[in-house]
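Asker: When we follow this note's numbering, the leftmost residue of the sequence shown carries the number 4, and every step to the right adds one.
All C-beta atoms, glycine included, are put in the ideal place defined by N, C-alpha and C.
Structure incoming, see below.
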Amino acid sequence: MRIPDDSGLGTRAIHAGQQPDPTTGAIMTPIYQTSTYVQDGPGGHKGFEYSRTQNPTRQALEGNIAGLERGKHGLCFASGCAATSAIVMCLDHGDHIVCSDDMYGGTFRLFTKVFARHGFQFSFVDMRDPKNVESALTDKTKLVWAETPTNPMMKLVDIEAVCDAAKKKGVPVAVDNTFATPALQSPLALGADLVVHSTTKYLGGHSDVVGGAIVTNHDEWQQRIHFVQNSSGGTPGPFDCFLTMRGIKTLHVRMDRHCDNAQAIAEQLAAHDQVEKVYYPGLESHPQYALAQKQMKKPGGMISFVVKGGLDKATRLLKATRIFACAESLGGVESLIEHPAIMTHASVPPENRKALGIDDGLIRLSVGIEDLADLQADLKQALAA
Ligand code: P1T
Numbered sequence: 004m005r006i007p008d009d010s011g012l013g014t015r016a017i018h019a020g021q022q023p024d025p026t027t028g029a030i031m032t033p034i035y036q037t038s039t040y041v042q043d044g045p046g047g048h049k050g051f052e053y054s055r056t057q058n059p060t061r062q063a064l065e066g067n068i069a070g071l072e073r074g075k076h077g078l079c080f081a082s083g084c085a086a087t088s089a090i091v092m093c094l095d096h097g098d099h100i101v102c103s104d105d106m107y108g109g110t111f112r113l114f115t116k117v118f119a120r121h122g123f124q125f126s127f128v129d130m131r132d133p134k135n136v137e138s139a140l141t142d143k144t145k146l147v148w149a150e151t152p153t154n155p156m157m158k159l160v161d162i163e164a165v166c167d168a169a170k171k172k173g174v175p176v177a178v179d180n181t182f183a184t185p186a187l188q189s190p191l192a193l194g195a196d197l198v199v200h201s202t203t204k205y206l207g208g209h210s211d212v213v214g215g216a217i218v219t220n221h222d223e224w225q226q227r228i229h230f231v232q233n234s235s236g237g238t239p240g241p242f243d244c245f246l247t248m249r250g251i252k253t254l255h256v257r258m259d260r261h262c263d264n265a266q267a268i269a270e271q272l273a274a275h276d277q278v279e280k281v282y283y284p285g286l287e288s289h290p291q292y293a294l295a296q297k298q299m300k301k302p303g304g305m306i307s308f309v310v311k312g313g314l315d316k317a318t319r320l321l322k323a324t325r326i327f328a329c330a331e332s333l334g335g336v337e338s339l340i341e342h343p344a345i346m347t348h349a350s351v352p353p354e355n356r357k358a359l360g361i362d363d364g365l366i367r368l369s370v371g372i373e374d375l376a377d378l379q380a381d382l383k384q385a386l387a388a
């Protein structure tokens with residue numbers, strides 16, 4: 004279906020990249036569960052040769068995510084980490100990458116424990132001040148990697164300011180838009196060259212599939228990434244693409260509810276006497292509240308907070324919730340609670356965690372779309388435990 008270029012997010016979420024099935028008219032893109040495609044003779048194919056290279060279900064999802072980010076090209080992967088890897092694999096041995104100091108622990112592990120061994124160099128800087136990015140750029144810098152809001156400290160990066168600084172030196176910028184989603188933040192419009200997603204999270208939205216995606220407006224980046232995607236093979240299967248596409252259809256509706264619930268819960272926590280600190284960009288107490296208002300449509304569904312009483316109290320709290328499930332991941336319809344130092348960020352060295360504030364009392368919530376009163380009652384009883 005050709006939708007007008009100026010369609011809103013909801014229309015793009017439901018229709019972008021998708022056509023009624025040409026053979027039957029099926030409105031839902033079929034799951035083309037096939038590894039190969041019959042050719043009339045050598046080279047006589049219909050645009051599909053082998054499913055690592057192209058698959059119609061994946062192609063629909065790629066067009067859909069590109070549409071969401073208002074970008075030209077979408078490329079999908081078997082996980083967010085596979086998408087991240089594909090970007091680094093486009094660079095060369097010896098290249099330097101400037102990254103957010105706070106980021107998903109698995110991305111940090113991939114950079115420092117895998118790609119550093121292959122000759123890539125990384126500098127981790129506090130990107131809350133764009134000047135830190137500027138001063139970290141060297142002649143060897145080939146990429147700036149920003150996560151915003153960051154996982155788990157909810158720091159914000161001024162995408163426009165960082166892109167301006169990087170562009171002066173001709174360095175491309177990749178933004179991991181997993182926490183914000185295209186419903187809340189548009190990195191390409193702010194100057195980013197690449198947008199990265201763990202589609203496992205809000206895009207998929209139902210905690211039933213792992214995936215990743217990249218969107219870019221640059222034909223050259225598309226070609227480089229597609230070459231790596233096909234050569235290294237970290238592609239998603241058609242069923243996973245179908246599930247992700249199905250999830251995306253309600254992204255705009257879900258995000259509204261995630262944000263509304265999270266705002267109320269952040270306020271509840273900030274007023275609680277057992278809570279030392281709340282990190283949520285929708286609270287005026289967040290040091291970058293003004294940037295959140297400027298850069299994001301709403302502050303998102305993720306909250307981190309420090310509970311008084313350290314590890315012991317945090318552990319009791321995580322065991323006491325009844326609706327918030329103690330689990331890694333985020334962005335699904337159901338509410339999750341986790342302990343970054345022990346769970347999602349265990350691969351970050353203790354000294355880095357300490358410097359960032361990922362301490363024993365830090366707890367991260369992925370606020371779901373259940374009834375707000377039930378979520379608030381659950382936290383209230385668990386904090387009293
Ligand atoms: O898990 P995967 O689909 O490979 O995505 C990795 C990833 C990338 N970027 C961000 C911002 C992420 O949060 C993640 C994955 N994060 C978790 C599993 C988590 O619980 O934080």
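Touching or not, the stretch 274-288 and the stretch 235-248, by the rule of three or more beta carbon pairs under 8 Å?
Answerer: The stretch 235-248 and the stretch 274-288 do not touch, with fewer than three beta-carbon pairs separated by less than 8 Å.
Asker: With a floor of 4 residues, list each alpha helix (DSSP H) that falls wholly inside the stretch 312-338, ordered by position along the chain.
Answerer: When DSSP assignments are scanned along the stretch 312-338, the uninterrupted stretches of alpha helix (DSSP H) that are 4 or more residues long and fall wholly within it turn out to be 313-323.
Asker: Could you tell me the alpha carbon to alpha carbon distance between E337 and G50, rounded to whole angstroms?
Answerer: Position 334 of the sequence shown, counted from the start, is the residue given in the question as residue 337. Position 47 of the sequence shown, counted from the start, is the residue given in the question as residue 50. Roughly 39 Å between the two C-alpha positions.
Asker: Comparing the CB of M258 with every heavy atom of the ligand P1T, is any distance shorter than 8 Å?
Answerer: Within the sequence shown, residue 258 is the residue found at index 255, counting from 1. No; taking the cut-off as 8 Å, the Cβ of M258 has no heavy atom of the ligand P1T nearer than that.
Asker: Alpha carbon to alpha carbon, how far is K171 from V165?
Answerer: Position 168 of the sequence shown, counted from the start, is the residue given in the question as residue 171. Position 162 of the sequence shown, counted from the start, is the residue given in the question as residue 165. Cα to Cα, K171 sits roughly 10 Å from V165.
Asker: Examine the Cβ distances between the stretch 372-387 and the stretch 256-266 and report whether three or more of them are shorter than 8 Å.
Answerer: Result yes; three or more Cβ-Cβ pairs closer than 8 Å.
Asker: Using 8 Å as the cut-off, can you tell me whether the stretch 299-314 makes contact with the stretch 220-228, which would need three or more C-beta pairs spanning the two stretches below that distance?
Answerer: no
Asker: For H200, name the three-state secondary structure that DSSP assigns.
Answerer: One-based indexing of the sequence shown puts residue 200 at position 197. Strand.
Asker: Beta carbon of A86, beta carbon of H221: below 9 Å?
Answerer: Reading the sequence shown from its first residue, position 83 is the one you call residue 86. Reading the sequence shown from its first residue, position 218 is the one you call residue 221. No, the Cβ-Cβ distance between A86 and H221 is not below 9 Å.
Asker: Taking C-alpha atoms, which residue in I162, T151, G208 and L193 lies nearest to F182?
Answerer: Taking the sequence shown and counting its residues from 1, one reaches residue 182 at position 179. Closest option to F182, Cα to Cα, is T151.
Asker: Could you tell me which residues DSSP pairs with K76 in its beta bridges?
Answerer: Stepping through the sequence shown from its first residue, residue 76 is reached at position 73. According to the sequence shown, residue 76 is His rather than Lys. For H76, which the question treats as bridged, DSSP gives the partners T219.
Asker: With DSSP run on the structure shown, which of helix, strand or coil describes Q226?
Answerer: Counting from 1 along the sequence shown, the entry for residue 226 is found at position 223. Reduced to three states, the DSSP call for Q226 is helix.
Asker: Closer than 8 Å is the cut-off here; do at least three beta carbon pairs connect the stretch 121-130 with the stretch 76-96?
Answerer: yes
Asker: Rounded to whole angstroms, what is the Cα-Cα separation between D363 and Q22?
Answerer: Position 360 of the sequence shown, counted from the start, is the residue given in the question as residue 363. Position 19 of the sequence shown, counted from the start, is the residue given in the question as residue 22. Those two C-alpha atoms are separated by around 50 Å.
Asker: Please report the distance separating the alpha-carbon of I345 from that of M156.
Answerer: Along the sequence shown, one-based indexing puts residue 345 at 342. Along the sequence shown, one-based indexing puts residue 156 at 153. Each residue's alpha carbon lies about 15 Å from the other.
Asker: By Cβ distance, which residues of its chain are closer than 7 Å to T153, with the 5 residues on each side in sequence left out?
Answerer: As a working mapping, residue 153 is identified with position 150 in the sequence shown. Cβ within range, chain order: S103, D105 and M106.
Asker: How is the beta strand (DSSP E) around Q42 delimited, first residue to last?
Answerer: Looking up residue 42 in the sequence shown gives position 39. Per DSSP, Q42 lies in no beta strand (DSSP E) segment and is marked neither H nor E.
Asker: For Q42, collect the residues of the same chain with a Cβ closer than 8 Å to its Cβ; drop the 5 residues on either side in sequence, then sort them by chain order.
Answerer: Translated into the one-based positions of the sequence shown, residue 42 becomes position 39. Only H48 and E52 meet the Cβ criterion.
Asker: For E72 and Q57, I'd like the C-alpha separation in whole angstroms.
Answerer: For this step, residue 72 is matched to residue 69 along the sequence shown. For this step, residue 57 is matched to residue 54 along the sequence shown. Spanning the two alpha carbons is a distance of roughly 21 Å.
Asker: Return helix, strand or coil for M157, following the three-state DSSP convention.
Answerer: Reading the sequence shown from its first residue, position 154 is the one you call residue 157. In this structure, M157 counts as coil in the three-state DSSP scheme.
Asker: With distances taken Cα to Cα, identify the nearest neighbour of A420 among K75, H76 and R131.
Answerer: Given that the chain is displayed from residue 4 to residue 388, the structure contains no residue 420 and the question cannot be resolved.
Asker: Note down, in chain order, each residue of its chain lying with its Cβ closer than 7 Å to the Cβ of D8, except the 5 sequence neighbours on either side.
Answerer: Residue mapping note: residue 8 aligns to position 5 of the sequence shown, counting from 1. Counting only Cβ-Cβ distances below 7 Å, and skipping sequence neighbours, we find nothing.
Asker: DSSP on F410, reduced to helix/strand/coil?
Answerer: A question about residue 410 goes unanswered here, because the residues of the chain that appear run from 4 up to 388.
Asker: Nearest to G208 by alpha carbon, out of E354, L78, I340 and H261?
Answerer: Here residue 208 is taken as the residue at index 205 of the sequence shown, counted from 1. Residue H261 is the option with its Cα nearest to G208.
Asker: Excluding the 5 residues flanking G360 on each side, which residues of the same chain have their C-beta closer than 7 Å to its C-beta?
Answerer: Along the sequence shown, read from residue 1 onward, the residue named residue 360 stands at position 357. Counting only Cβ-Cβ distances below 7 Å, and skipping sequence neighbours, we find M156.
Asker: When every heavy atom of the ligand P1T is checked, does at least one fall within less than 8 Å of the C-beta of K204?
Answerer: Along the sequence shown, one-based indexing puts residue 204 at 201. At least one heavy atom of the ligand P1T falls within 8 Å of the beta-carbon of K204.
Asker: Less than 8 Å separating the Cβ of V91 from some heavy atom of the ligand P1T?
Answerer: One-based indexing of the sequence shown puts residue 91 at position 88. Not under cutoff, so the answer is no.
Asker: At a cut-off of 8 Å, is D196 close to the ligand P1T when judged by its beta-carbon and the heavy atoms of the ligand?
Answerer: Start at 1 with the first residue of the sequence shown, and residue 196 comes out as number 193. Result no, Cβ not under 8 Å from the ligand P1T.
Asker: Taking the runs of the beta strand (DSSP E) that are 3 residues or longer, which of them lie wholly in the stretch 56-105?
Answerer: 76-80 and 99-103
Asker: Apart from the five residues on each side of it in sequence, which residues of its chain come closer than 7 Å, Cβ to Cβ, to L386?
Answerer: Numbered from 1 along the sequence shown, position 383 holds the residue referred to as residue 386. Here the set comprises H275, Q277 and L320.
Asker: Suppose you measure from the CA of A293 to the CA of D161; what does that come to, to the nearest Å?
Answerer: On the sequence shown, position 290 is the one that residue 293 refers to. On the sequence shown, position 158 is the one that residue 161 refers to. So the two alpha carbons sit approximately 11 Å from each other.
Asker: With hydrogens ignored, establish whether the beta-carbon of P155 is closer than 8 Å to any heavy atom of the ligand P1T.
Answerer: Indexing the sequence shown from 1 puts residue 155 at position 152. Yes; taking the cut-off as 8 Å, the Cβ of P155 has a heavy atom of the ligand P1T nearer than that.
Asker: Does any heavy atom of the ligand P1T sit closer than 8 Å to the C-beta of M106?
Answerer: Reading the sequence shown from its first residue, position 103 is the one you call residue 106. Indeed, a heavy atom of the ligand P1T lies less than 8 Å from the Cβ.
Asker: Going straight from the alpha carbon of G74 to that of S234, what length do you get?
Answerer: One-based indexing of the sequence shown puts residue 74 at position 71. One-based indexing of the sequence shown puts residue 234 at position 231. One C-alpha to the other measures close to 23 Å.
Asker: Less than 7 Å between C-beta atoms, sequence neighbours within five positions excluded: which residues of the same chain meet that for A269?
Answerer: What you label residue 269 is simply residue 266 of the sequence shown in a count that begins at 1. The answer, listed in chain order, is V281, Y283, G285, L286 and I306.
Asker: Take H196 as the anchor and find which of I366, V213, E163 and D211 has the nearest alpha-carbon.
Answerer: One-based indexing of the sequence shown puts residue 196 at position 193. Sequence check: residue 196 is Asp here, not His. Measuring from the Cα of D196, the nearest candidate turns out to be E163.
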